[in-house]
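Just so you know, the sequences run in chain order A and B.
For the first sequence, counting from 1, position 29 maps to 29 in the working numbering; every step adds exactly one.
For the second sequence, counting from 1, position 147 maps to 388 in the working numbering; every step adds exactly one.
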Amino acid sequence: MDMHRHFDTLAGPEVTPTMDDINADLDRGRRALRKRRVMQTLAGSAFAAAALVAGIVIATTNVPAPAAPTAAQSQGQRPAGVGTRLVAYTGSQPKGYTIDKVPDGFEIQADNTSELILAPKDALDKNPQSFVGKIGIMLQSTDSHYVPQGKKVKVGDLEGVLVPQAPASSTAATPPARDATPPARDVTDPTTLWTQTLWVKQPNGVYLLVQFWEGLALSESDMLDIGAGIHVHKDAVQGGG
Amino acid sequence: MLRTATLLTAGDHHLAEDLVQSTLTKLYVAWPSFQRADNPQGYMRRALVNALSDERRRLWRRRERPTAELPELPRTDQHSEPMADGLRTALRELAPKMRAAVVFRYFHDLTVTETAEVLGCSEGTVKSQTSRALVHLRTALEIRPAAPALP
């Protein structure tokens, strides 16, 4: 039994596809590719939304804890995250900067040559590498050429840009990315639970970065006031990386 | 590709066209993978077999529905050799994977190794499937010899 011949007969004659057939196949392929990309985008958005929700849940259940120490409450202070108000900073000034205003109950937790951290007094989180529930202050990295994209604001006499950053839960509790490009997002609600970084262009062209962790409940006006009250001196050092 | 699909669908030309279309679409979507494939021909054949499996699963999920009109029947070549009708029927009685094994082995003349690669199974499976398929085809063709042509 010549199986090959039988198969050849059953398969039918060779048919050369027409241009219409080819174009129809290409159209189907393009449509499928578009559909796939849309589905991937939707899936990515859904994941991002889930991450945001998870971030909010984590931030509202765990993260602000250091900002609400029992000691602070016993002193009649409002815990951070529940309508923080600004007060004049009366402590010793850090190296390289002068601070005018801080959220009520905040102090300078870490002060090294390249970065400064404001955190609630008696905060349980004493790790100077952690920015969770804190305000991080630093100069733009010498290796960074990022031009901030966000809402243009006036910070005292200087120009600034308010840039939202990914939720803390998805970026880990690390110092602000001085050279990274944060995801584009309009800041329509200044109290949103997204970490926001205020970029203030200094007279020498270098940006001062002030990162406000999510959940601090600072209004945009508060953030601008804090930024305007930070004065950079010549001995402030730009970090690298 | 259409001829292979016709054999894989046991002569169902309409289904074969659907398979080719869906396979080409999948190849278009996965074009970078197709280009990187060591054996593009094998990649295409495997995609065709997968499309057949997908189609079969889809068909299994379908429910019979009463309709006022008879559905369109699979097209068969009215002028095909009588032997082809017997072969078509015998092929239809084979499991799709078994049909694919015998088609790749005896129509495309692939080796056992190449067939195993296309079907994503072991060489032993290809040998056993091919052997059983051949026995079935031979038996069927002997039991159901083609009807003699009318004078």
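Beta carbons: idealized from backbone N, C-alpha and C, even for Gly.
The structure presented is a predicted model; accordingly, all values stated were derived computationally and were not measured.
1) In the DSSP output, which residue or residues are listed as bridge partners for residue 137(A)?
2) Is the beta carbon of residue 332(B) sitting closer than 8 Å to the one on residue 251(B)?
3) Mind listing which residues of the region 255-272 of chain B have their C-beta closer than 7 Å to chain C's C-betas, in chain order?
4) Could you please give me the residues that DSSP links to residue 106(A) through a beta bridge?
5) For residue 164(A), name the three-state secondary structure that DSSP assigns.
6) When you compare the CB positions of residue 274(B) and residue 292(B), do they come within less than 8 Å of one another, or not?
7) Closer than 9 Å between beta carbons: that is the criterion. Which residues of the region 270-290 of chain B meet it against chain A?
8) Where do the ends of the alpha helix (DSSP H) carrying residue 97(A) lie?
9) What distance in whole Å lies between the Cβ atoms of residue 107(A) and residue 136(A), which are believed to be in contact at a cut-off of 8 Å?
10) Please name the residue, chosen from 341(B), 269(B), 382(B), 265(B), that lies closest to residue 294(B) on a Cα-to-Cα basis.
11) Using 10 angstroms around the beta-carbon of residue 90(A), count the other beta-carbons present and answer buried if the total reaches 16, otherwise exposed.
12) Taking the C-alpha atoms as reference points, what is the distance between residue 153(A) and residue 40(A)?
13) Tell me which residues share the same chain as residue 33(A) and place their Cβ nearer than 6 Å to its Cβ, disregarding the 5 neighbours each side in the sequence.
14) With a threshold of 8 Å between beta-carbons, can residue 11(A) be considered close to chain B, or not?
15) Which two residues bound the contiguous alpha helix (DSSP H) that contains residue 228(A)?
16) What is the rounded straight-line gap between the Cα of residue 161(A) and the Cα of residue 147(A)?
17) Hey, residue 103(A) and residue 218(A): beta-carbon distance below 8 Å or not?
18) Have a look at residue 121(A) and residue 43(A) and give me their C-alpha separation to the nearest angstrom.
19) Over the uninterrupted beta strand (DSSP E) stretch that includes residue 88(A), give me the two end residues.
20) Residue 234(A) lies in the alpha helix (DSSP H); which residues open and close that run?
21) Compare the C-beta of residue 340(B) with all C-beta atoms of chain A and state if any pair is closer than 8 Å.
22) I need the boundaries of the beta strand (DSSP E) containing residue 335(B), first residue and last residue.
23) Would you mind working out which of 21(A), 26(A), 156(A), 150(A) sits nearest residue 100(A), comparing C-alpha positions?
24) Which residue from 129(A), 96(A), 208(A) puts its Cα closest to that of residue 109(A)?
25) Just the Cα atoms here: how many angstroms apart are residue 23(A) and residue 338(B)?
26) Taking 8 Å as the CB-CB cut-off, is residue 329(B) touching chain A?
27) Excluding five sequence neighbours on each side, which residues of the same chain lie with their C-beta closer than 6 Å to the C-beta of residue 223(A)?
28) Along the region 343-354 of chain B, where does the CB come closer than 7 Å to a CB of chain A? Name the residues.
29) Under the rule that 16 or more other beta-carbon atoms within 10 Å means buried, what is residue 329(B), buried or exposed?
30) Secondary structure at residue 157(A), three-state DSSP: helix, strand or coil?
31) Assign residue 64(A) to one of three DSSP states: helix, strand, or coil.
32) What residue does the alpha helix (DSSP H) around residue 276(B) start on, and which one ends it?
33) Is it right to say residue 234(A) is buried, meaning 16 or more other beta carbons lie within 10 angstroms of its own, or is it exposed?
34) One question on the structure: do residue 36(A) and residue 376(B) come within less than 8 Å of each other, judged by their Cβ atoms?
35) Express the C-alpha separation of residue 327(B) and residue 361(B) in angstroms, rounding to a whole number.
36) In chain B, which residues lie less than 8 Å from residue 33(A) when you measure between Cβ atoms?
With the structure as the only source:
1) 116(A), 210(A)
2) yes
3) The chain labelled as chain C is not found among the protein chains of the depicted structure, namely A and B.
4) 120(A)
5) strand
6) no
7) 270, 272
8) Where residue 97(A) is concerned, there is no enclosing alpha helix (DSSP H), although the beta strand (DSSP E) it sits in stretches over 97-99.
9) Not confirmed; about 14 Å, so no contact.
10) 341(B)
11) exposed
12) 35 Å
13) none
14) yes
15) 220-228
16) 10 Å
17) yes
18) 42 Å
19) 86-88
20) Note, residue 234(A): premise wrong, no alpha helix (DSSP H); not H, not E.
21) no
22) Note, residue 335(B): premise wrong, no beta strand (DSSP E); not H, not E.
23) 156(A)
24) 129(A)
25) 31 Å
26) yes
27) 198, 212
28) 344, 347, 348
29) buried
30) coil
31) In this predicted model, residue 64(A) has a pLDDT of only 47, less than 50, meaning its place in the structure is not dependable; the value taken from the coordinates is given anyway. Residue 64(A) falls in the coil class under three-state DSSP.
32) 272-277
33) exposed
34) no
35) 29 Å
36) 269, 270
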